[in-house]
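Chemist:
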Amino acid sequence: MTAQVVGSSEPPVSVQVVVRGAPTQLKLETVETRIPADGRSTATIKGELRDENGNRSNRDGVVTLVSTAGEFVGADFKPDQPGFQVEVKKGQFTASLKSTLNAQTVRIRAIANDLEAYTQLQFETALRPSLVTGIVDVRLGARGTDYYGSFRDFLPPKKDNSTQLDVRSSVFATGAIGEWLFTGAYNSSRNLNEDCNCDTRLFRSFQFNDQNYPVYGDSSKTEVLTPSIDSVYARFERSPKIPGADPDYFMWGDYTTQEFARSSQQFTSVTRQLHGFKGNYSLGNLQITAFYGNNVEAFQRDTIAPDGTSGYYFLSRRLLVPGSENITIELEELNRPGTVLERKQLNRGPDYEIDYDRGTILFREPIQRTDLGEDGQVLVRRIVVTYQYKGSGSDSNIYAGRLQYNFDRTPNKESWIGTTYFQQDQGMHDFELYGADAQIALGSRGKLIAEYAHSTNSLGLKPQDSSGKVSGSAYRIEAEGEIFPGLQGRTYYRSTDAGFANNATISFVPGQTRYGAQLTGKISPTTNLRFQYDHEDNFGTAPQPLDTFEELFAPRTQAVPGSKVDNSLTTITAGIQQRFGKATLDVDWVHRDREDRISPESLSSNSDQLRSQLKIPITKTLTFQAINELTLSSETDAVYPDRTAFGLNWAVVPGINVSLAQQFFTRGQYDDHSITSLSVNGQHKLGRDTTITGRYTILGGANELTTQGAIGLNNRWTIAPGLKLNLAYEHVFGNFFGRTATGQQFPQPFAVGQSGYSLGFGSGDSYSIG
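Quick note on the numbering used here: the sequence shown kicks off at 231 and runs consecutively.
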């Protein structure tokens, strides 16, 4: 804007005026970088909506906040919607997050429409004043008259009611010792996790029907500070003065292994709940972690194909060690089993109940068989359960250590290199795993991940050597990023030997090598081009089906080796994405060259397929989607059939969708099959109506490079205040026990070890409403 006095010889005066536009960026930060982990302190979270010029937008709106730990305090702007909602006024918003009792690094995510931002906050060790409490009980009297003891000891089994002297004590102590916080407990008469029913669980976890605390009208709650399955718990802890670093601690008690499940780890990842010693210490950028577990029982991994209901689902073993289970839901491609695209970890109580004696699981929500991916591909769900069970052999010991050197701890730019060693001694069944991994940030939009792992065990799908051992290695390298503005690229290479094993991590296929590259270029604001090359070699051993009484009721730790597989698949994809107003059209040409090197070469084929997808917004909240996969060549692929799908997606409220989909399969191995599904599901908002856990983050499979958090499955649609609806329907016409590159799929109640890729699912209907 320029102004000048009429008739004046003075030069004009100019003022630059910037009109603030619609928000295109979201900024998030915390006022405090560290707050005490005392369960009372709060941190202030601030955020802004910014336009394309980086200026604050004056628009109003609503932002959803999610944190990996802590509790948001204050009024939820829209309590009937999932997540913690904050009102945005003139492009600005604030919120408060209350700390927990556990020192940790907390990751906070903000979501507004298609915009998202991250920041992190440190919950540091709270050096509280010393507190010591306990009892010493001395009793002299007849046996069978101790009304304050446990019920099982009330009546002596030998009817010996003679006089005896009993002395028992228990103590709890916490307080600062220099810059360290000590927390400890001891009970001379029982283990610390024993409840009123004389049951003992790892972490003294509560089931859904447990009463955590009597209601006195003061909103009191309990926290388990000293979990231990024996009589002693001790922990020394401090927060190092290193931004983003994990707390230093040395402890004896129950613990998890989150330091051994980094986003750069798949083959060397270990996710267990154990008891014993654990320590973690940082020397500058070097982080040292080690643990020892004693009294560890036998370890089992089961994979179950859901039937569309909430259960009951039966595990392969009975008499589980309470609290040792880890349950996840994995999504993988229908025609490419073993390639995990998404993994969600569930939480006992809000998400499921488990009977440790019978080995049964009942979920809070039905688990549907299938899902439809963002690109229109058919996805299938798998229930993966790892746990300890009370075996007939001797107890085992576990030793593990990890060294990790951190180059950068900045959010979204984390870089490190690490090495891991793990060994479990269990009589004749020993297991050893070691390897190295690295994650290097490539700017703010890319990263490089590399990993090597080697395992040695006494059971596996590969024939044993003369020493009775099975060994194998696994490799992985993945990179993605922006090559230059407008061009995104990613490349990957992963290989697992047939003898490699690790049952405490994400699912994979032993005896498979896969590599490829993908390019996505933006040639105009409405047009994207993409190209992908993918090659897969399978050279492992398919498992035998479990179809006899002995195999079902006397299961093994690993699957029984079956037939050999030896085949390869080369896939070339080229496509275009074009937007016409609000509608989006995707067209891809897919060439598949499949070679089977085992007679009768039933998988060998060479085919071309045209894949198209159309999305049309009918209204602001209702979207129509159509998908067609049509074989152009005279020869069809032995695995991938032709498919036509139609779907409607209704965004009832932000984050809650009602989806209706119908899929028809033609030609190929699934000819005349169909799938109908109706579901209410969440999209990306997680919060009050969805159980959040933060045990670890894991990287997705080779087909898609995605990081998934640990969340629950409790998504509900609020019809009116106080009235919520759970709704699901699924119809599967035809059995999906097909041929894949990894072998034939079978109907069976569970698959043990890393053989979940052998599971198919049958036809049927499932309904759910509540």
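For glycine and all other residues, C-beta sits at the position ideal for the given N, C-alpha and C.
Check whether the region 623-642 and the region 596-608 are in contact - that is, three or more C-beta pairs closer than 8 Å.
Modeler: Judged by Cβ distances under 8 Å, the region 623-642 makes no contact with the region 596-608, as fewer than three pairs qualify.
Chemist: Given this structure, state the Cα-to-Cα distance separating residue 929 from residue 388, to the nearest angstrom.
Modeler: The residue labelled residue 929 in the question sits at position 699 within the sequence shown. The residue labelled residue 388 in the question sits at position 158 within the sequence shown. Low confidence applies to residue 929: its pLDDT is 30, below 50, so where it sits in the model is not reliable enough to give any reading.
Chemist: Along the chain, where does the beta strand (DSSP E) that runs through residue 644 open and close?
Modeler: In the sequence shown, the residue the question calls residue 644 occupies position 414. Premise fails: residue 644 is in no beta strand (DSSP E) and is neither H nor E.
Chemist: Grab me the residues of residue 926's own chain with a C-beta within less than 6 Å of its C-beta, minus the 5 sequence neighbours each way, in chain order.
Modeler: Numbered from its first residue, the sequence shown carries residue 926 at position 696. Caution applies to residue 926, whose pLDDT of 28 falls short of 50 and renders its modelled position unreliable; the value that the coordinates give is listed next. Counting only Cβ-Cβ distances below 6 Å, and skipping sequence neighbours, we find 488, 491.
Chemist: Residue 552: which of 411, 658, 590, 902 sits nearest, CA to CA?
Modeler: The count along the sequence shown starts at 1 and reaches residue 552 at position 322. Taking only the C-alpha atoms, the option nearest residue 552 is 590.
Chemist: Let me know the secondary structure DSSP gives residue 834 once reduced to three states.
Modeler: As a first step, residue 834 must be located in the sequence shown, where it is residue number 604. Note: residue 834 maps to coil in three-state DSSP.
Chemist: Are at least three pairs of beta-carbons, each pair with one atom in the region 509-527 and one in the region 469-478, less than 8 Å apart?
Modeler: yes
Chemist: Using a Cβ-Cβ distance under 8 Å, would residue 574 count as near chain B?
Modeler: Here there is only one protein chain, and chain B is not present.
Chemist: Just confirm the distance between the C-beta atoms of residue 331 and residue 422, as a whole number of angstroms; I'd bet it's less than 8 Å.
Modeler: As a working mapping, residue 331 is identified with position 101 in the sequence shown. As a working mapping, residue 422 is identified with position 192 in the sequence shown. 17 Å between Cβ atoms; not a contact.
Chemist: With distances taken from CA atoms, which of 706, 434, 232 is nearest residue 244?
Modeler: Within the sequence shown, the letter at position 14 stands for residue 244. Among 706, 434, 232, the Cα nearest to that of residue 244 is on 232.
Chemist: Look up residue 328 in the DSSP assignment and give the residues it is bridged to.
Modeler: Start at 1 with the first residue of the sequence shown, and residue 328 comes out as number 98. DSSP output for residue 328 lists 272, 301 as bridge partner(s).
Chemist: Which whole-angstrom value is the C-beta distance of residue 665 and residue 795, which I expect to be below 8 Å?
Modeler: As a working mapping, residue 665 is identified with position 435 in the sequence shown. As a working mapping, residue 795 is identified with position 565 in the sequence shown. That pair is no contact at about 25 Å.
Chemist: Which residue spans inside the region 595-679 form an unbroken beta strand (DSSP E) run of at least 3?
Modeler: Listed in chain order, they are 600-602, 608-619, 626-638, 645-655, 661-671.
Chemist: So residue 497 packs on residue 735, CB below 8 Å; how close in whole Å?
Modeler: By 1-based counting over the sequence shown, the position of residue 497 is 267. By 1-based counting over the sequence shown, the position of residue 735 is 505. With 8 Å as the limit, residue 497 and residue 735 qualify as a contact, their Cβ atoms being about 7 Å apart.
Chemist: Whole angstroms are fine: how far does the CA of residue 311 sit from the CA of residue 594?
Modeler: Here residue 594 refers to the residue found at position 364 of the sequence shown. Here residue 311 refers to the residue found at position 81 of the sequence shown. Each residue's Cα considered, the two are about 20 Å apart.
Chemist: Take residue 619 as the anchor and find which of 990, 719, 548 has the nearest alpha-carbon.
Modeler: Taking the sequence shown and counting its residues from 1, the one referred to as residue 619 is at position 389. Nearest option by C-alpha distance: 548.
Chemist: With DSSP as the reference, identify every bridge partner of residue 468, one or two as the case may be.
Modeler: Along the sequence shown, read from residue 1 onward, the residue named residue 468 stands at position 238. For residue 468, which the question treats as bridged, DSSP gives the partners 478.
Chemist: Considering only DSSP beta bridges, list what residue 973 is partnered with.
Modeler: The residue given as residue 973 occupies position 743 in the sequence shown. Answer is 970.
Chemist: Apply the 10 Å Cβ neighbour rule to residue 987 and answer buried if 16 or more other Cβ atoms are within range, or exposed otherwise.
Modeler: For this step, residue 987 is matched to residue 757 along the sequence shown. Result: buried.
Chemist: Where does the unbroken alpha helix (DSSP H) through residue 781 begin, and where does it stop?
Modeler: In the sequence shown, residue 781 corresponds to position 551, counting from 1. 779-783 is the span of the alpha helix (DSSP H), which, as asked, contains residue 781.
Chemist: Find the nearest neighbour of residue 856 within the set 870, 841, 866, judged by alpha-carbon distance.
Modeler: If you number the sequence shown from 1, residue 856 lands on position 626. It is 841.
Chemist: Give the DSSP-derived three-state secondary structure of residue 522 in the structure shown.
Modeler: The sequence position of residue 522 within the sequence shown is 292, counting from 1. Reduced to three states, the DSSP call for residue 522 is strand.
Chemist: Between which two residues does the beta strand (DSSP E) holding residue 702 run?
Modeler: Your numbering for residue 702 matches position 472 in the sequence shown. Taken as a continuous stretch (DSSP letters only), the beta strand (DSSP E) holding residue 702 covers 700-714.
Chemist: Could you check how far apart the C-beta atoms of residue 325 and residue 336 are, in whole angstroms? I think they sit under 8 Å.
Modeler: In the sequence shown, residue 325 corresponds to position 95, counting from 1. In the sequence shown, residue 336 corresponds to position 106, counting from 1. That pair is no contact at about 13 Å.
Chemist: Excluding the 5 residues flanking residue 862 on each side, which residues of the same chain have their C-beta closer than 7 Å to its C-beta?
Modeler: Residue 862 sits at position 632 when you count from the first residue of the sequence shown. Excluding residues within five positions, the ones whose Cβ falls inside 7 Å are 838, 839, 840.
Chemist: Identify, in the order they occur along the chain, each residue of the same chain with its Cβ nearer than 6 Å to the Cβ of residue 981, setting aside the five sequence neighbours on each side.
Modeler: As a working mapping, residue 981 is identified with position 751 in the sequence shown. Within the same chain, residue 981 has close Cβ partners 533, 988, 989.
Chemist: Can you tell which of 350, 246, 248 has its C-alpha closest to the C-alpha of residue 261?
Modeler: For this step, residue 261 is matched to residue 31 along the sequence shown. Minimum Cα distance to residue 261 is reached at 350.
Chemist: Would you be able to state if there are at least three C-beta pairs under 8 Å between the region 338-349 and the region 293-301?
Modeler: yes
Chemist: Using C-beta distances below 7 Å, list every residue in its chain close to residue 438, excluding the 5 sequence neighbours before and after it, in chain order.
Modeler: Translated into the one-based positions of the sequence shown, residue 438 becomes position 208. Annotation note: pLDDT 47 at residue 438 (below 50); position unreliable, no value reported.
Chemist: Can you name, in chain order, every residue of its own chain whose Cβ lies under 6 Å from the Cβ of residue 409, other than the five neighbours on each side?
Modeler: Counting from one through the sequence shown, the residue named residue 409 turns up at place 179. Result list for residue 409: 468, in chain order.
Chemist: May I ask you to report which of helix, strand or coil DSSP gives residue 357?
Modeler: By one-based count along the sequence shown, residue 357 stands at place 127. Coil at residue 357, not helix or strand.
Chemist: How big is the Cα-Cα spacing for residue 485 and residue 699?
Modeler: For the purposes of this step, residue 485 is taken as residue 255 along the sequence shown, with counting starting at 1. For the purposes of this step, residue 699 is taken as residue 469 along the sequence shown, with counting starting at 1. One C-alpha to the other measures close to 30 Å.
Chemist: Pick from 817, 961, 373, 785: whose alpha carbon is nearest that of residue 394?
Modeler: Within the sequence shown, numbered from 1, the residue matching residue 394 stands at position 164. Comparing Cα positions, the closest option is 373.
Chemist: With distance defined between alpha-carbon atoms, name the residue in 975, 566, 602, 502 nearest to residue 558.
Modeler: By one-based count along the sequence shown, residue 558 stands at place 328. Minimum Cα distance to residue 558 is reached at 502.
Chemist: Compare the C-alpha of residue 357 against each of 961, 277, 413 and name the closest.
Modeler: Locating residue 357 in the sequence shown gives position 127, counting from the first residue. Of the candidates 961, 277, 413, the one whose C-alpha sits nearest the C-alpha of residue 357 is 413.
Chemist: With the cut-off set at 8 Å, would you say residue 329 and residue 406 are in Cβ contact?
Modeler: To locate residue 329, count along the sequence shown from 1; it is residue 99. To locate residue 406, count along the sequence shown from 1; it is residue 176. For residue 329 and residue 406, no; Cβs fall outside 8 Å.
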